[in-house]
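Undergrad: First the structure, then my questions, so here it is.
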Amino acid sequence: MSHSRTSSPRVSIQAHDFDLSAEVAALRAQDSRVGAVCSFVGTVREHSAGAADPISSMELEHYPGMTEKAIEAMIDEACQRFDIYRVRVIHRIGRLQPLDQIVLVAVTSAHRGESFAACEFLMDYLKTQAPFWKKEQTAQGVRWVDARSSDDAALARWGVLGSNI
Amino acid sequence: MKVTVKYFASIREALGVSSEAIETSAVTLAALRDELIAIGGAHGQSLARGRAVRMALNQVMSDETTALLDGAEVAFFPPVTGG
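Same order as they appear, the protein sequences are chains C and A.
Be aware that the first sequence starts at 1, since it is given in the numbering used here, and climbs by one per residue.
Be aware that the second sequence starts at 166, since it is given in the numbering used here, and climbs by one per residue.
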């Protein structure tokens, strides 16, 4: 797998928004081996799981230094498990609103099976092992989002042992 | 040994501190957690056994059995909720 870390980072942790088509274009640029690009975008919903009140905003906290390291290690693992070429992960931090984009995972490969799987693997991994925490603002006040056991179960499907809850 | 302990999210809010220098004789993360619980007050409540607390040593996710290192950066935080 070839990529240039100095000119095109695999991981970005940033407050500002990203452009999916620009990221995909950059990821597969000039790479004629690529037959498949798979991407996932996570967005802010207005209603949190089971909650009655709509959220007016969300604050995303992270662990500077560890966040990048953790996601880089997940990408390294994805590259070992799946026959893929390049990976791009962007995760936003700071204050977000409903409809905002939160996270991008994009993967290139020769054929679709590998990049579909790698993309899902990375999202399942990120949900349970990347050091971010969401805090939601509603009319009732502020609450920290709870981690979900279903996310642990999703990671376990890949044979990765590492519980979150 | 001397370690830096960082706290995040609801644990940081409960303690009112994001980072503190700790002098400890603990040899594992479990023992360090128990020392911090023994401080009592907000430390005792936030890090209590039975509460879901995750930890990292030198910015790598670790479990309780991990050996502590002199000069290390340790972090305690709630289960993660990114993505």
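Each residue gets a CB set at the ideal place from its N, CA and C atoms; glycine is no exception.
When you compare only the Cα positions, how much space is there between G141/C and T43/C?
TA: C-alpha separation (whole angstroms): 21 Å.
Undergrad: What residue ranges within the stretch 10-96 of chain C form continuous alpha helix (DSSP H) runs of no fewer than 4 residues, ordered along the chain?
TA: The qualifying runs are 20-28 and 66-81.
Undergrad: First and last residue of the beta strand (DSSP E) that includes A186/A?
TA: It spans S184 to E188 - the beta strand (DSSP E) in which A186/A sits, taken as one unbroken run.
Undergrad: Determine which residues of the stretch 215-227 of chain A have a Cβ less than 8 Å from any Cβ of chain C, and write them out in chain order.
TA: Cβ contacts with chain C come from A217, R219, A221, Q224, V225 and M226.
Undergrad: Please look up how many angstroms separate the CB atoms of V103/C and C119/C, rounded, as I've assumed it's under 8 Å.
TA: Not quite, the Cβ-Cβ distance comes to about 11 Å (not below 8 Å), so this is no contact.
Undergrad: Grouping DSSP H, G and I as helix and E and B as strand, with all else coil, what is E229/A?
TA: Reduced to three states, the DSSP call for E229/A is coil.
Undergrad: Pick from L126/C, R157/C, Q137/C and W144/C: whose alpha carbon is nearest that of E68/C?
TA: Of the listed residues, the one whose Cα sits closest to E68/C is L126/C.
Undergrad: Starting from the C-beta of S115/C, find all residues in its chain whose C-beta is less than 8 Å away, skip the five residues before and the five after it, and write them out in chain order.
TA: Contacts found: A36, V37, C38, F82, I84, V107, T108 and S109.
Undergrad: Between the stretch 232-248 of chain A and chain C, which residues of the former have CB atoms less than 9 Å from a CB of the latter, in chain order?
TA: Under the 9 Å Cβ criterion, the stretch 232-248 of chain A contributes E238, A240, F242, P243, P244, V245, T246, G247 and G248.
Undergrad: Using a Cβ cut-off of 9 Å, pull out every chain A residue sitting near H47/C, in sequence order please.
TA: None at all; the shortest Cβ gap to chain A is about 16 Å.
Undergrad: At what residues does the alpha helix (DSSP H) containing M123/C begin and finish?
TA: Counting along the chain, the alpha helix (DSSP H) containing M123/C begins and ends at R112 to Q129.
Undergrad: Please classify Q129/C as buried or exposed, where buried requires at least 16 other C-beta atoms within 10 Å of its C-beta.
TA: With 16 or more other Cβ atoms within 10 Å, it is buried.
Undergrad: Would you grab the beta carbon distance between D146/C and N164/C for me? Rounded to a whole angstrom, and I think it's under 8 Å.
TA: Not a contact, Cβ separation roughly 11 Å.
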